[in-house]
Structures are given as structure tokens and as C-alpha cells.
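Asks: Here it is, the structure, as C-alpha cells.
There are 2 protein chains.
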Amino acid sequence: MANMKEIAKMARVSIGTVSHVLNNSAGVREPIRKRVLEAVQAARYQPNQVARGLRRDKTNMIGMIIPDVTNPFFPAVVRGAEDMAFSNGYRLILCNTDNDHSKELVHLNELRTYLPAGLIVIPSNFSDLTVQAERYQEAGTGVVCVDRLPTNWSGDSVTADNEQGAYDATQHLLQLGHKKLATITGPLHLTNAKERLNGFKRALREVKLSLTPEYVQETTFDKRGGYSKTLVLLRLIPRPTAIFAGNDMIALGSLLAIREAGLVCPKDISLIGFDDLDLGETTDPALSSVSQSGYQLGTTAARILLDRIGGDTAPARHIVLETSLSLRNSVAAPPKRPKSRSDEPART
Amino acid sequence: MANMKEIAKMARVSIGTVSHVLNNSAGVREPIRKRVLEAVQAARYQPNQVARGLRRDKTNMIGMIIPDVTNPFFPAVVRGAEDMAFSNGYRLILCNTDNDHSKELVHLNELRTYLPAGLIVIPSNFSDLTVQAERYQEAGTGVVCVDRLPTNWSGDSVTADNEQGAYDATQHLLQLGHKKLATITGPLHLTNAKERLNGFKRALREVKLSLTPEYVQETTFDKRGGYSKTLVLLRLIPRPTAIFAGNDMIALGSLLAIREAGLVCPKDISLIGFDDLDLGETTDPALSSVSQSGYQLGTTAARILLDRIGGDTAPARHIVLETSLSLRNSVAAPPKRPKSRSDEPART
DNA sequence: TACTAACTCTGAATCGTTTCAGAACTCCGA
DNA sequence: TCGGAGTTCTGAAACGATTCAGAGTTAGTA
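The listed protein sequences correspond, in order, to chains A and B.
Each residue of the first sequence is one higher than the last, beginning at 2 in our numbering.
Each residue of the second sequence is one higher than the last, beginning at 2 in our numbering.
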């Protein structure tokens with residue numbers, strides 16, 4: 002592959018001049034500039050990014066650390082980040098942590114040797130990136146947290162308005178007349194799960210409904226968790242008439258459990274999720290959900306990083322994106338005569 | 002960050018010796034070796050991957066070019082590749098093409114300047130990587146194609162046994178007694194779509210069923226395509242009693258169209274997809290599908306690449322992974338009295 | 001002991017850029 | 001014509017590793 006020295010020779014200029022033309026890093030008279038560009042064209046020259054990275058002590062790569070690209074919510078975030086990065090000349094290095102804090106640390110430590118221009122992180126369970134992130138900051142490398150935050154995270158962040166989204170969903174259920182509302186939350190040490198629970202609670206508090214502790218079930222953010230906790234909820238007396246699920250995967254598990262218990266959603270029990278994943282459209286009934294844009298989460302995070310790379314040294318930004326309610330068929334008014342059916346425990 | 006020179010000074014050896022210890026590239030006596038390793042420990046030294054990459058003319062990054070990480074099938078492939086790469090000390094650079102051939106070319110061209118150790122590509126529509134791939138091969142960089150192949154691709158490849166999987170699915174429908182089988186294929190210029198159609202045809206041929214041309218509909222590999230082509234199929238007289246969908250996204254669209262037409266799957270019409278995506282479990286009815294392991298596709302591709310990096314110069318390998326049938330509830334015997342219902346066009 | 005072969009280790013060159021100090025040139029006014 | 005201020009261009013050093021030729025050391029044999 003051609004290198005700068007060859008271009009310099011072809012254009013009969015010094016190697017430094019070639020660099021200056023390519024980077025606009027110093028004035029070069031038009032005729033010379035043109036000669037260089039022609040040589041670049043002729044040789045189909047492309048600067049070696051690795052050499053450039055070494056010299057600049059910073060490559061055009063952005064590290065992206067996420068729990069698992071296989072989990073349906075995260076690819077949208079990745080895609081958003083990649084699009085924004087790519088259109089500004091940056092590439093994405095993708096790392097999966099499986100929500101394993103120690104694997105996250107390994108990635109954090111080793112990625113630094115690749116001299117990334119920045120880092121986008123969706124923290125793992127029990128993540129505490131603070132120490133590692135500082136090491137990056139020292140090297141002038143920005144770190145942005147997305148979707149959920151480690152405790153005490155004080156750096157840049159982009160999240161959805163989880164609290165408000167959950168509040169809106171809960172309020173919608175209340176307006177339909179539901180009084181017995183349950184929720185299945187994600188792991189409450191994750192900020193997004195906790196915020197969603199807070200929104201749920203606030204909505205209840207506002208209408209002076211007291212919270213039955215058994216109506217709040219904590220589990221992992223997946224189908225299995227939703228399934229088993231829904232079985233628990235369905236056995237309670239009185240049985241809840243509506244469930245707010247911490248995310249759509251939990252809601253999917255719920256749906257299966259409800260079906261299996263011989264109940265019908267939304268006639269017997271209403272269900273609403275969070276994330277508004279595509280797969281919620283094809284369930285039966287189609288799943289209502291709090292919609293948040295993973296894609297926008299990704300683009301925004303990358304945007305912040307690009308600003309930091311460009312020299313923005315303003316204090317940490319905490320961007321909170323709005324959510325909206327996606328109403329489909331999994332929500333309805335509560336059953337008319339609760340005494341006749343819904344106070345009985347479900348058969349399981 | 003500490004560099005080799007500092008380690009050399011700390012261990013009172015030359016910089017070359019440090020390198021030899023770290024890479025086992027020459028014999029070093031135990032006491033010296035130990036001194037070096039202790040210095041490495043003490044300074045928490047990690048070799049700069051960018052410098053190493055420049056010198057070696059090859060980094061430990063693997064480029065991965067896929068259509069769209071947001072499409073539910075691909076993340077599994079990415080994850081498989083990442084796991085295999087990571088556990089061998091390699092990182093993944095992820096690039097999305099949106100099935101756009103020109104965007105694919107851009108990625109192909111620009112990735113080379115990052116000196117990747119190899120490339121894993123899920124080709125875009127109308128992809129022809131041959132020329133680009135040769136440029137990589139010349140630089141000693143392997144390129145592996147996954148899932149589908151560009152026409153005339155002669156390099157390494159990993160695909161599922163699309164033909165056999167489709168054959169199995171179709172045969173299953175035949176054994177249930179279906180005679181009026183339709184298929185909705187993906188874009189037939191994609192090898193995987195074409196192979197699946199071939200498998201479908203072979204199964205029909207074997208039982209001497211002739212193929213009605215209108216029963217074969219080609220579309221894009223997505224929900225919308227499945228939806229609209231299913232509407233077409235449902236209006237045919239006689240109406241097909243079973244549909245083999247080119248992938249699960251098409252099948253999902255089919256399911257929606259069937260429901261909307263007032264028909265019931267599988268009572269009125271059976272449906273079977275391809276890919277066995279998770280989301281097929283939560284539809285109603287749960288979707289039967291030909292199961293292929295995207296994850297294994299990914300690990301296998303990365304494995305081949307690692308072998309090539311390790312110096313394997315054997316002729317191109319074409320690995321074909323087995324599929325299996327995942328039977329759920331979307332398939333049943335054809336309706337008993339075809340005359341009474343299924344010969345009428347569906348209301349739409 | 002002397003010589004050779006084998007083994008260790010060193011240090012400089014190198015990879016392809018960027019960047020900095022300074023050389024060379026241009027232009028203008030006195 | 002000369003001086004000096006701006007411009008434009010050059011060339012070498014630097015980034016941090018790998019690697020190669022060769023210097024230095026050790027061990028073995030006659």
C-alpha cells in the first residue's frame with residue numbers, strides 16, 4: 002500500500018507537506034496543494050490509521066462496551082452510535098460484558114492500549130467504572146455512560162426518562178380504572194430499574210393508592226424472570242388486574258405466564274412493558290409499552306463523545322431523553338365483576 | 002502510560018529483551034526473564050497495541066461487516082464472532098452496510114487502513130467483494146463470508162445448510178398432508194434465499210407435486226414483505242394450506258396478514274419460518290421454524306480467520322452448518338373439508 | 001587451554017505518520 | 001537594492017513497539 006513517502010516523491014514535495022495538505026495543518030500554495038492531491042488520487046493513497054494513531058496518541062476508534070448485543074434492546078443503541086461515529090470518520094470497537102463486572106473491567110483495561118478516542122459504556126450489573134474512567138479522562142479520553150449509570154457516576158451520561166415513562170404508563174392504567182396494580186421490576190441496583198419503580202410509585206401516590214408490597218416483584222430483565230414473577234403475582238389474593246413490567250422482555254414472560262394460567266390479556270389482566278421493542282408488535286395481544294429510542298441514546302452518546310474529542314471541556318452533561326406511550330392491545334379496563342373471577346387465585 | 006523503554010530501564014535490560022520476554026520470540030535466561038516480568042507487574046505495563054500494529058503491519062482487530070445489527074438474526078453472529086475473537090486476544094470492529102453495496106465498499110476500503118488481522122463479512126445485496134477481498138488477501142489478510150455468499154465467491158465461507166433446512170421444513174408440511182404449499186422467499190439474488198427455494202422445490206419434486214408459479218412469491222427478508230406477499234397468496238384460488246417463509250421476519254408478517262384476513266393459523270393455514278429467532282416463541286401461535294445457529298456461524302467464521310492468521314494456507318474452506326426443525330404450534334394438518342372453506346378466497 | 005558452537009542479550013533500524021524548528025522564498029516599502 | 005515580516009516548505013525527531021545482525025557469554029570438546 003502506498004505511503005506518504007511515495008506521495009511526497011510523486012508530487013516532488015516533502016513528506017511534511019503531504020501531511021499538511023491532508024490535514025490542513027499549515028498553509029500550502031494552491032499549485033503545490035494540487036500536485037499533492039493529484040498524486041494522492043493517482044496512487045489511491047489512504048493514510049495509515051495505525052501510524053496516525055501512534056503518532057497522535059489517539060486513534061479514530063470509539064470503544065463501545067455493552068452487556069450483550071444479543072439482547073434485543075442494545076443493538077439499536079449500538080447502531081445509533083455506529084452511525085454517528087461512522088459519519089464523522091470514527092469506527093466502533095464492540096465489546097460484550099454479559100453483565101459481568103469483571104469482564105467489563107478486562108475490556109476497560111485492555112481497550113486503553115488501542116488508544117480509542119472515546120468510550121461509550123452501558124454499564125454491567127454492579128458496575129463501578131469510576132476508577133477506570135478516571136484513567137481514561139487523564140489521557141484525555143471521554144467516557145459516556147448510556148441507559149443506566151453506575152452508582153455515583155459523575156461523568157457524561159445519556160439515559161431515557163425512566164421515571165416519567167413509568168409514571169405515564171402507570172397513570173394510564175389508573176385512568177382505565179385499575180386499582181390493583183402490580184409491577185415486576187428489573188434488578189433494583191440498576192438505576193433504570195429503580196427509576197421505573199419510582200415512577201410507578203409516584204403515580205400510585207398521586208391518587209392516594211397505597212402500595213401492597215407483594216405487588217412489587219424484583220427480578221432480572223428477561224423473559225424467564227417475567228414468567229416466574231408473574232406466576233407469583235397471579236397467585237395473590239386479591240389478584241392484581243394490571244401489571245407494569247420493567248421492560249418488554251419481562252412483559253413477554255408475563256404474557257406467557259398469563260396465557261398458561263388460563264387467563265386472557267387484556268380481559269382479565271392488563272399488561273404494559275417498557276422499551277417498545279419490535280417484537281411487542283407481533284405478540285397476541287400486541288404489547289403496549291413505554292417507548293424509548295435506543296437509537297437516539299446511541300447517537301446522542303456518540304455526539305457527546307465527538308464534542309469531547311473536538312475539545313469540549315464543559316462540565317459533565319446528563320442528557321435525559323423523553324419517552325412516549327405506545328398503546329396497543331394488551332391494556333384494557335379492569336374486569337367488571339372482580340368478585341366473580343379475579344379475586345380467586347389463578348389455576349397454575 | 003508506561004512503555005517498553007521504562008520497563009527495560011527498571012529491569013536493567015535492553016528494550017529488545019523486554020520484547021522477547023513478552024513475545025517469547027527468543028530465549029531469555031530465567032533470572033532476566035523474571036526481572037522483566039516483575040517490572041511489567043510493578044508498572045502495570047500493557048503493550049501499546051497501536052505501536053505493535055504499526056510495526057507488525059497487522060493489528061489484533063478483526064473487521065466485521067454486516068448489513069444491520071438491528072436485524073434480529075445478525076447479533077447472534079456478531080456475538081459468536083466476538084466471543085471467539087476476544088478469547089484469542091482479538092477485538093471486533095463492527096460496521097453496518099444497510100445492505101447497501103456502496104456503503105459496503107466504503108467500509109471495505111477504509112477498514113484496510115486500520116490493518117485488521119482479518120475480515121468477517123455478511124455480504125450486502127448485490128455484493129461483489131471479490132476485487133476488494135483480493136486486495137486483503139494480497140496483504141495476507143483473510144476474509145471469511147458468512148450466511149450468504151456473493152456470486153462467484155471462492156474464498157472461505159460459513160453458511161447454514163439452507164437447502165436441506167428448507168427441504169426438511171417442506172417435507173414436514175407434506176407429511177402432514179398438505180398439497181397446496183406456497184413459499185415466500187427472500188431476494189433470490191441472495192444465495193441463502195435461493196438455496197431455501199431450491200430445498201422447497203426438491204421436496205415437492207420428490208413427491209411429484211408440481212409447483213404452481215403463483216405459489217412462489219419473492220420479497221425482501223422483512224415483516225412488511227411477508228405481510229404483503231401473504232395477502233397475495235391468500236387471494237389465490239385454490240388458497241394454499243401452508244406457507245414456508247424464507248425467514249422468520251417474513252413469517253411474522255405472514256402471521257399478521259393471516260390474522261387480519263380472519264383466518265386462523267394453524268387451523269386454516271400452516272406456517273413455518275427459517276432462523277428460529279427468539280421472538281418466534283412469543284407469537285400466537287408460537288412459530289415453527291428451521292433452526293440455524295447464528296452464534297455458531299460467528300464462532301466458526303472467527304475460528305477460520307484465527308487459523309488463517311496462524312498461518313493456515315490450505316485451500317478455501319466452505320463450512321456448511323446443519324439446521325434442525327423447531328416445531329411449535331404454527332403447523333398442523335390441512336383443513337379437513339377444503340371445498341367448504343379453503344377454496345374460497347379469503348376476505349381481505 | 002584453545003577453539004567452536006550454541007545460546008543470550010543488545011542496540012539500531014524500522015513501521016508511517018505528525019509536528020516543530022527553522023530554512024527558503026516572496027513581497028513590500030524605504 | 002536591501003531589510004524584514006510573512007508565508008511556504010523542508011527535514012528530522014518522535015510515537016512505542018518488533019526484529020535483525022551481531023556482540024558477548026557460556027558450555028562443550030579435543
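Every residue gets a Cβ at the ideal spot worked out from N, C-alpha and C, and that includes glycine.
None of the values given here were measured: they were computed from a predicted structure.
1) For a cutoff of 9 Å on Cβ pairs, would you count A303(B) as touching chain A?
2) Taking Cβ positions only, does V70(A) come closer than 9 Å to chain B?
3) To the nearest angstrom, how far is the alpha carbon of E323(A) from that of S158(A)?
4) Establish whether the CB of I94(B) and some CB of chain A are separated by less than 9 Å.
5) If I measure Cβ to Cβ from G166(A) and keep anything under 6 Å in the same chain, skipping five residues before and after, which residues do I get?
6) In its own chain, which residues sit with a C-beta less than 6 Å from the C-beta of K230(B), not counting the 5 before and 5 after it?
7) Output the residue ranges of the beta strand (DSSP E) runs that lie fully inside the region 143-224 of chain B and measure 3 residues or longer, sorted by chain position.
8) Count Cβ pairs between the region 84-91 of chain A and the region 82-93 of chain B that sit closer than 8 Å; are there 3 or more?
9) Between K180(B) and the ligand ADP, is the CB less than 8 Å from at least one heavy atom?
10) Go ahead and pull the three-state DSSP assignment for D276(A).
11) Could you tell me the distance, in whole angstroms, from the CA atom of V41(A) to the CA atom of Q47(A)?
12) Does the beta carbon of V29(A) sit closer than 9 Å to a beta carbon anywhere in chain B?
13) At which residues does the alpha helix (DSSP H) containing I251(A) begin and terminate?
14) Which residues bound the beta strand (DSSP E) around G299(B)?
15) Between A77(B) and V321(B), what straight-line distance do the alpha-carbon atoms span, to the nearest angstrom?
16) Report yes or no: do the region 61-79 of chain A and the region 48-56 of chain B share at least 3 C-beta pairs separated by less than 8 Å?
17) Take H102(A) as the anchor and find which of L130(A), L116(A), V145(A) has the nearest alpha-carbon.
18) State yes or no: is the beta carbon of M2(B) nearer than 9 Å to at least one beta carbon in chain A?
19) Who does L55(B) pair with in a DSSP beta bridge?
20) Is the region 143-163 of chain A close to the region 293-303 of chain A, with three or more CB pairs under 8 Å?
21) Alpha carbon to alpha carbon, how far is D313(B) from S26(A)?
22) Taking the beta strand (DSSP E) that N97(A) falls in, what are its first and last residues?
23) Compare the Cα-Cα distances from R240(B) to each of L182(B), G226(B), R206(B), T284(B) and report the closest residue.
24) Please list, in chain order, the residues of the region 206-237 of chain A that have any C-beta partner in chain B closer than 7 Å.
25) Please confirm whether A287(A) and G281(A) have their CB atoms less than 9 Å apart.
26) Ends of the alpha helix (DSSP H) at S26(B)?
27) DSSP three-state label for L116(B), please.
28) For the candidate residues V147(A), L95(A), L257(A), A170(A), whose alpha-carbon lies nearest to that of D277(A)?
29) If you follow the alpha helix (DSSP H) that A134(B) is in, where does it begin and where does it stop?
30) Taking Cβ positions, are L150(B) and T213(B) nearer each other than 9 Å?
31) Could you compute how far the alpha carbon of V107(B) sits from the alpha carbon of N4(B)?
32) Based on the DSSP output, what are the partners of H319(B) in its beta bridges?
33) Which residues of the region 5-24 of chain B have a Cβ closer than 7 Å to any Cβ of chain A? Give them in chain order.
34) F1(A) to L38(B), Cα distance in whole Å?
35) Chain A partners of R80(B), CB-CB under 9 Å?
36) Span of the alpha helix (DSSP H) holding A246(B)?
Replies: Inspection of the coordinates gives the following:
1) Stepping through the second sequence from its first residue, residue 303(B) is reached at position 302. With 9 Å as the cut-off, A303(B) does not count as an interface residue toward chain A.
2) Start at 1 with the first residue of the first sequence, and residue 70(A) comes out as number 69. Closer than 9 Å to some Cβ of chain B, the Cβ of V70(A) qualifies, so yes.
3) Start at 1 with the first residue of the first sequence, and residue 323(A) comes out as number 322. Start at 1 with the first residue of the first sequence, and residue 158(A) comes out as number 157. Distance between the alpha carbons of E323(A) and S158(A): 14 Å.
4) Numbered from its first residue, the second sequence carries residue 94(B) at position 93. Under the 9 Å criterion on CB atoms, I94(B) is classed as interfacial with respect to chain A.
5) Taking the first residue of the first sequence as 1, we reach residue 166(A) at position 165. Listed in chain order, the non-local C-beta contacts of G166(A) below 6 Å within the same chain comprise V291, T324, local neighbours out to five positions each way being set aside.
6) Mapped onto the second sequence, residue 230(B) falls at position 229. Cβ within range, chain order: I185, Q218, T220.
7) For the region 143-224 of chain B, the continuous beta strand (DSSP E) assignments of 3+ residues that do not extend past its boundaries occur at 143-147, 157-161, 182-186, 217-219, in sequence order.
8) In this structure the region 84-91 of chain A does not touch the region 82-93 of chain B; the number of beta carbon pairs closer than 8 Å is below three.
9) Of ligands this structure carries none, so the ligand ADP is not represented either.
10) Against the first sequence, residue 276(A) aligns to sequence position 275. D276(A): strand per DSSP, three-state reduction.
11) Against the first sequence, residue 41(A) aligns to sequence position 40. Against the first sequence, residue 47(A) aligns to sequence position 46. Roughly 8 Å between the two C-alpha positions.
12) Counting from one through the first sequence, the residue named residue 29(A) turns up at place 28. Using a Cβ-Cβ cut-off of 9 Å, V29(A) does not count as an interface residue toward chain B, since no Cβ of chain B sits closer than that to its own.
13) In the first sequence, counting from the first residue as 1, residue 251(A) sits at position 250. First-last of the alpha helix (DSSP H) with I251(A): 249-261.
14) Locating residue 299(B) in the second sequence gives position 298, counting from the first residue. From DSSP, G299(B) is part of no beta strand (DSSP E) but of the alpha helix (DSSP H) over 295-310.
15) For the purposes of this step, residue 77(B) is identified with residue 76 of the second sequence, where counting begins at 1. For the purposes of this step, residue 321(B) is identified with residue 320 of the second sequence, where counting begins at 1. When rounded, the distance between both Cα atoms is 17 Å.
16) With a cut-off of 8 Å, the region 48-56 of chain B and the region 61-79 of chain A do not count as touching, because too few Cβ pairs lie within range.
17) If you number the first sequence from 1, residue 102(A) lands on position 101. The candidate whose alpha carbon is nearest that of H102(A) is L130(A).
18) Translated into positions along the second sequence, residue 2(B) becomes position 1. Taking 9 Å as the CB threshold, M2(B) lines the interface with chain A.
19) Counting from one through the second sequence, the residue named residue 55(B) turns up at place 54. Per DSSP, L55(B) has no beta-bridge partner at all.
20) Yes: at least three Cβ pairs fall under 8 Å.
21) Numbered from 1 along the second sequence, position 312 holds the residue referred to as residue 313(B). Numbered from 1 along the first sequence, position 25 holds the residue referred to as residue 26(A). For D313(B) and S26(A), the gap between their C-alpha atoms comes out near 44 Å.
22) The residue you call residue 97(A) lines up with position 96 of the first sequence. Its beta strand (DSSP E) spans residues 92-97.
23) The residue you call residue 240(B) lines up with position 239 of the second sequence. Nearest option by C-alpha distance: L182(B).
24) For the region 206-237 of chain A, the set of residues with a beta-carbon nearer than 7 Å to any beta-carbon of chain B is empty.
25) Along the first sequence, one-based indexing puts residue 287(A) at 286. Along the first sequence, one-based indexing puts residue 281(A) at 280. With contacts defined as CB atoms closer than 9 Å, A287(A) and G281(A) qualify as a contacting pair.
26) Taking the first residue of the second sequence as 1, we reach residue 26(B) at position 25. From DSSP, S26(B) is part of no alpha helix (DSSP H); its letter is neither H nor E.
27) Here residue 116(B) refers to the residue found at position 115 when the second sequence is read from its first residue. L116(B) carries a coil assignment under DSSP once its states are collapsed to helix, strand and coil.
28) As a first step, residue 277(A) must be located in the first sequence, where it is residue number 276. Looking at the Cα atoms, A170(A) is the closest of the given residues.
29) Taking the first residue of the second sequence as position 1, residue 134(B) is located at position 133. Bounds of the alpha helix (DSSP H) holding A134(B) are 131-139.
30) Mapped onto the second sequence, residue 150(B) falls at position 149. Mapped onto the second sequence, residue 213(B) falls at position 212. Remark: C-beta atoms of L150(B) and T213(B) do not approach each other more closely than 9 Å.
31) In the second sequence, the residue the question calls residue 107(B) occupies position 106. In the second sequence, the residue the question calls residue 4(B) occupies position 3. Distance between the alpha carbons of V107(B) and N4(B): 35 Å.
32) The sequence position of residue 319(B) within the second sequence is 318, counting from 1. Paired residue(s): S158(B).
33) Of all residues in the region 5-24 of chain B, none places a beta-carbon less than 7 Å from a beta-carbon of chain A.
34) A query on residue 1(A) cannot be resolved here, the shown segment of chain A reaching from 2 to 349 and no further.
35) Along the second sequence, one-based indexing puts residue 80(B) at 79. Taking a Cβ-Cβ threshold of 9 Å, the residues of chain A close to R80(B) are D69, V70, T71, N97, in chain order.
36) Within the second sequence, residue 246(B) is the residue found at index 245, counting from 1. Here A246(B) belongs to no alpha helix (DSSP H); instead the beta strand (DSSP E) covers 243-246.
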